[in-house]
Amino acid sequence: MHSPVDSPPHATGPGIALRVATALALPTVLLIVLVTASWDPLMALDGDIARTTHRWAVDDPDLTQAFRILTDWVWDPWTMRALIAVTVLWLVLHHGAWWLALWLTATLLVAGLLSQGIKAAVDRDRPVWPDPVDSAHFAAFPSGHAMTATVACGLLLWVLRLYGTGRVLWRIAVVVAVVSVAGVGFTRIWLGVHWSTDVLAGWLLGASAVALAMVSYARCFPPARST
90 MHSPVDSPPH ATGPGIALRV ATALALPTVL LIVLVTASWD PLMALDGDIA
140 RTTHRWAVDD PDLTQAFRIL TDWVWDPWTM RALIAVTVLW LVLHHGAWWL
190 ALWLTATLLV AGLLSQGIKA AVDRDRPVWP DPVDSAHFAA FPSGHAMTAT
240 VACGLLLWVL RLYGTGRVLW RIAVVVAVVS VAGVGFTRIW LGVHWSTDVL
290 AGWLLGASAV ALAMVSYARC FPPARST
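Taken in order, the sequence shown gives residues 90 to 316; the numbers are from the numbering used here.
Structural data, given as structure tokens:
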């Protein structure tokens, strides 16, 4: 299954992505099992981190308000989805890369469904505070913000790499992606709406989704070989 229109100029094989997906599988499954089983040492660590960051959040309302703006507007899941939507349009209109655009869209949709499915299955309560600084709804595990940001930033970096972005732009993109993914996770913990393991699970699941998307795309549309 191969078409030159759908194959970007710098397409690569699935080797690295497959190794990443394999490496992520065990810690992701283990974390889900331990949280589902409410393993005491992990729950105690979650509680200690949550209490510490909540105390900081209450003591510094200005920084807390800045974090609310970041998490609700800059790193919000809908902002991340909008970035992918723009990327999809760019791929279709400028490169005719319909299949790659479909892969990005499907990855984001499947990741969202996976997140909601695990939330419903684990049904973990969010932290509860007598003096909350923010609020959130639905189950806590995994963090949808962290997972969506990881998927969106990972997909955007993948597209930039496929289409051979310049070195400077690539480094800027990597820094922005890392800051965004780490930042959204930290703000969710700081604002007291997620446990630290919720965020860790979002990161792991999001990275796994991107790696599997890269593997499946490379297998369906292998790079053209010169003769």
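All residues carry an ideal CB built from backbone N, CA and C; glycine is no exception.
All figures in this text were calculated on a predicted structure; none of them were measured in a lab.
Determine whether the beta carbon atoms of residue i and residue j lie at a separation below 8 Å.
i: Arg213; j: Val282; result: no
i: Ile278; j: Val268; result: no
i: Pro231; j: Ala139; result: no
i: Thr239; j: Val124; result: no
i: Val222; j: Ala146; result: yes
i: Ala307; j: Ala106; result: yes
i: Leu245; j: Pro97; result: no
i: Val177; j: Ala190; result: yes
i: Arg114; j: Val304; result: Reading off the sequence shown, one finds Ala at residue 114, where the question assumed Arg. Taking 8 Å as the Cβ cut-off, Ala114 and Val304 do not qualify as a contacting pair.
Let me know the secondary structure DSSP gives residue i once reduced to three states.
i: Pro221; result: coil
i: Tyr252; result: coil
i: Leu245; result: helix
i: Phe156; result: helix
i: Ala209; result: helix
i: Gly201; result: helix
i: Ala229; result: coil
i: Val270; result: helix
For the alpha helix (DSSP H) holding residue i, just list the boundary residues, first then last.
i: Asp135; result: 129–148
i: Arg108; result: 104–125
i: Trp292; result: 285–309
i: Ala171; result: 166–184
Take residue i and list the residues in its own chain whose beta-carbon comes closer than 7 Å to its own, dropping the five residues that flank it on each side.
i: Pro166; result: Gly233, His234, Thr237
i: Thr319; result: An answer regarding residue 319 cannot be provided, because it is not within the stretch 90 to 316 covered by the chain.
i: Leu172; result: Ala241, Leu245
In chain order, what residues of the same chain have a beta carbon less than 6 Å from the beta carbon of residue i, not counting five sequence neighbours either side?
i: Gly243; result: Val299
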